[in-house]
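In the working numbering, the protein residues as written are 8 to 181.
Structure below.
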């Protein structure tokens with residue numbers, strides 16, 4: 008009986024250690040964070056205006072915000088260090104943020120994740136999923152953790168901004 012329990016614990020631990028953090032689109036298999044958020048009493052134009060202001064305030068992107076009658080979109084990036092074995096490797100992640108709006112709701116979509124560099128205002132990057140797939144699975148989690156944390160933080164900030172018309176100020180927890 009003890010052997011059975013020990014075997015089950017080992018099997019469950021091995022599955023847990025192979026966990027995927029970054030959201031995967033069930034239809035395409037691509038990395039993607041998307042959801043529809045309801046906000047009562049706010050018109051489509053107000054949500055669109057707030058979304059554009061949030062993109063401008065949250066990201067320091069040199070790419071312009073593109074808009075149409077129902078959405079705003081921008082190419083963004085953030086830099087982070089990936090700890091590979093004992094070495095920190097600086098990476099820059101590029102991704103698209105699209106916010107579609109309707110009365111009383113909006114849909115955010117963080118997609119088209121790429122890793123690379125910006126050279127002469129041109130992005131030289133490869134698909135994030137292909138990049139991560141080149142490494143053993145035990146090291147992949149160390150790339151996924153900062154990406155998931157940053158995108159989750161951005162989504163929380165977007166939701167707060169749409170509701171309160173201002174950026175959420177994190178308390179200094181020193």
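Don't be surprised by glycine CBs; every beta carbon is placed ideally from N, CA and C.
DSSP three-state call for residue i: helix, strand or coil?
| i | result |
| --- | --- |
| residue 132 | strand |
| residue 77 | coil |
| residue 102 | strand |
| residue 142 | coil |
| residue 70 | coil |
| residue 92 | coil |
| residue 29 | coil |
Leaving out five residues before and five after residue i in sequence, what residues of the same chain have Cβ atoms less than 8 Å from its Cβ?
| i | result |
| --- | --- |
| residue 70 | 81, 82 and 83 |
| residue 73 | 79, 80 and 81 |
Take residue i and list the residues in its own chain whose beta-carbon comes closer than 7 Å to its own, dropping the five residues that flank it on each side.
| i | result |
| --- | --- |
| residue 156 | none |
| residue 105 | 78, 80 and 116 |
| residue 57 | 168, 169 and 172 |
| residue 63 | 72 |
Take residue i and list the residues in its own chain whose beta-carbon comes closer than 6 Å to its own, dropping the five residues that flank it on each side.
| i | result |
| --- | --- |
| residue 88 | 95 and 97 |
| residue 125 | none |
For residue i, which beta-bridge partners are listed by DSSP?
| i | result |
| --- | --- |
| residue 82 | 103 |
| residue 45 | 112 |
| residue 123 | 132 |
| residue 40 | 117 |
With burial defined as no fewer than 16 other Cβ atoms inside 10 Å of the residue's Cβ, what is the status of residue i: buried or exposed?
| i | result |
| --- | --- |
| residue 137 | exposed |
| residue 86 | exposed |
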